[in-house]
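Every position in the sequence shown, counted from 1, becomes a number in the numbering used here once 1 is added. Quick reminder that beta carbons are idealized off the backbone N, C-alpha and C, glycines included.
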Amino acid sequence: MTCSHQTIIQKNIEQISQQIHEAELRYSREPHSVQLLAVSKTKPIEALQAAIDAGQRRFGENYVQEGVDKIQHFEQHYSQCKLEWHFIGPIQSNKTRLIAENFDWVHSVDREKIAQRLNDQRGERNQNGEKNPLQVLIQVNTSGETSKSGTNHDQVFALAELINALPNLTLRGLMSIPEHVPDYASQLAAFEKLAQLKTQLQARYPQVDTLSMGMSGDIQAAIEAGSTMVRIGTAIFGQRDYQNK
Numbered sequence: 002m003t004c005s006h007q008t009i010i011q012k013n014i015e016q017i018s019q020q021i022h023e024a025e026l027r028y029s030r031e032p033h034s035v036q037l038l039a040v041s042k043t044k045p046i047e048a049l050q051a052a053i054d055a056g057q058r059r060f061g062e063n064y065v066q067e068g069v070d071k072i073q074h075f076e077q078h079y080s081q082c083k084l085e086w087h088f089i090g091p092i093q094s095n096k097t098r099l100i101a102e103n104f105d106w107v108h109s110v111d112r113e114k115i116a117q118r119l120n121d122q123r124g125e126r127n128q129n130g131e132k133n134p135l136q137v138l139i140q141v142n143t144s145g146e147t148s149k150s151g152t153n154h155d156q157v158f159a160l161a162e163l164i165n166a167l168p169n170l171t172l173r174g175l176m177s178i179p180e181h182v183p184d185y186a187s188q189l190a191a192f193e194k195l196a197q198l199k200t201q202l203q204a205r206y207p208q209v210d211t212l213s214m215g216m217s218g219d220i221q222a223a224i225e226a227g228s229t230m231v232r233i234g235t236a237i238f239g240q241r242d243y244q245n246k
């Protein structure tokens with residue numbers, strides 16, 4: 002990676018962070034209430050290092066083995082950075098152990114079997130002997146598209162009840178990838194549905210505090226609706242190269 006590319010990544014992070022700050026002010030959100038999750042799937046170590054140099058500490062990965070390789074690299078060489086790793090892709094049953102053992106957060110839990118496996122395969126304590134539950138979001142299919150992962154609205158509370166009872170998981174909130182729509186009003190309406198569901202969930206489980214929604218093309222609507230974590234990839238790192246998967 003060239004120095005110019007590193008500089009571009011750092012400038013992109015500065016610009017997006019400024020956009021988030023301005024949106025917080027515009028929509029009367031608390032300062033720093035919206036976190037930036039850098040979606041780094043298919044990106045090389047050098048790109049993540051450039052983001053780290055710009056102050057970014059939260060990274061989202063979609064592919065399990067690729068994500069684990071990155072986690073292990075940075076734990077070995079940059080343990081002082083205290084990075085936070087989020088798994089945001091579809092979860093296959095045969096990959097739950099790697100996710101449970103390596104990631105800090107999982108955004109894409111959408112069925113009881115996966116929640117149970119993540120709990121059973123998560124160590125109760127970390128290497129320092131501290132309690133170490135996996136932070137979990139339930140992925141909701143807000144658009145009803147059969148091609149989208151996520152549980153239905155009417156199944157959220159049953160899944161939440163299970164997750165809340167599992168000792169090695171902490172239920173933190175909801176995530177969605179809404180149907181792509183170009184107009185702002187439709188984007189906002191989709192996000193507001195999830196925000197309302199999060200409010201209902203929070204009434205039962207006070208620790209629920211996270212709404213993972215909003216990407217490069219709909220970040221403003223997501224923040225207006227109440228997102229607490231926006232997932233930004235292309236606007237930080239450029240177009241994805243799936244050959245590096």
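Residues in its own chain within less than 6 Å of residue i by CB, not counting five upstream and five downstream?
i: Tyr185; result: Ala222
i: Arg232; result: Leu38, Val40, Gly61, Met216
i: Ser29; result: none
i: Gln57; result: Ile14, Ala39
i: Phe192; result: Met214, Ala222, Ala223, Ala226
i: Gly239; result: none
i: Gly68; result: Glu62
i: Asn165; result: Leu172, Tyr206
From the options, pick the residue whose C-alpha is nearest to that of residue i; which is it?
i: Leu167; options: Arg118, Gln156, Thr43, Glu25; result: Arg118
i: Glu85; options: Gln208, Gln140, Leu135, Leu172; result: Leu135
i: Arg112; options: Gln93, Ala191, Leu195, Met230; result: Gln93
i: Asn120; options: Leu163, Val69, Glu193; result: Leu163
i: Phe104; options: Ala226, Thr200, Asn169; result: Asn169
i: Ala226; options: Arg173, Val35, Asn95, Gln7; result: Val35
i: Glu76; options: Gln50, Thr171, Gly218; result: Gln50
i: Arg205; options: Ser150, Thr235, Val107, Val157; result: Val157
i: Asp54; options: His6, Ala190, Leu198, Gln197; result: His6
i: Gly151; options: Ile21, Val107, Gln66; result: Val107
i: Gln201; options: Leu99, Asp155, Ile72; result: Asp155
i: Ala48; options: Pro32, Lys71, Glu31, His33; result: Lys71
i: Gly234; options: Arg27, Gln208, Pro45, His22; result: Pro45
i: Arg249; options: Ala161, Pro183, Glu180; result: Absent from the model: residue 249. The displayed extent of the chain is 2 to 246, so no value can be given.
i: Ile178; options: Arg59, Ile21, Lys12, Met230; result: Met230
i: Ala199; options: Ile139, His181, His87, Glu23; result: Reading the sequence as shown, one finds Lys at residue 199 and not Ala. Of Ile139, His181, His87, Glu23, the residue nearest in Cα terms is Ile139.
i: Ile100; options: His181, Pro183, Gln66; result: Gln66
For residue i and residue j, which I take to be in contact (beta-carbon distance under 8 Å), what is that distance rounded to the nearest angstrom?
i: Ile115; j: Thr97; result: 6 Å
i: Leu195; j: Val137; result: That pair is no contact at about 16 Å.
i: Met176; j: Ser109; result: 7 Å
i: Thr171; j: Gln208; result: 7 Å
If you follow the alpha helix (DSSP H) that residue i is in, where does it begin and where does it stop?
i: Glu193; result: 185 to 205
i: Phe158; result: 157 to 166
i: His247; result: Any answer about residue 247 is impossible in this case: the structure gives the chain only from 2 up to 246.
i: Gly68; result: 65 to 78
i: Ile100; result: 97 to 103
i: Ile139; result: Taken as a continuous stretch (DSSP letters only), Ile139 belongs to no alpha helix (DSSP H), being part of the beta strand (DSSP E) at 135 to 140.
i: Arg173; result: Per DSSP, Arg173 belongs to no alpha helix (DSSP H); it is in the beta strand (DSSP E), 170 to 176.
i: Arg123; result: No alpha helix (DSSP H) contains Arg123, which DSSP labels as neither H nor E.
i: Ile250; result: This structure does not reach residue 250, given that the chain is present from 2 up to 246, and the question cannot be answered.
Which residue marks the beginning of the beta strand (DSSP E) containing residue i, and which one marks its end?
i: Glu85; result: 85 to 88
i: Ala48; result: Segment 46 to 54 is the alpha helix (DSSP H) holding Ala48; no beta strand (DSSP E) there.
i: Lys36; result: Note that residue 36 is Gln in the sequence shown, not Lys. Its beta strand (DSSP E) spans residues 36 to 40.
i: Glu62; result: 59 to 62
i: Thr211; result: 211 to 213
i: Ile237; result: Where Ile237 is concerned, there is no enclosing beta strand (DSSP E), although the alpha helix (DSSP H) it sits in stretches over 235 to 238.
i: His108; result: 106 to 110
Suppose the cutoff is 7 Å on Cβ atoms and the five residues either side in sequence are ignored; what does the same chain contact list for residue i look like?
i: Ala52; result: Ile10, Ile14, Ala39, Ile237
i: Asp219; result: Gln188
i: Pro32; result: Glu25
i: Asn153; result: Asn142
Given residue i, which residues of its chain have a CB within under 8 Å of its CB, disregarding the five upstream and five downstream residues?
i: Val182; result: Gln188, Ala191
> Are the stretch 110 to 129 and the stretch 61 to 80 in contact at 8 Å, needing three or more beta carbon pairs?
Replying inline: The answer is no - the stretch 61 to 80 does not touch the stretch 110 to 129, with fewer than three Cβ pairs under 8 Å.
> Do the stretch 206 to 216 and the stretch 7 to 23 make contact, defined as three or more Cβ pairs closer than 8 Å?
Replying inline: No, the stretch 206 to 216 is not in contact with the stretch 7 to 23.
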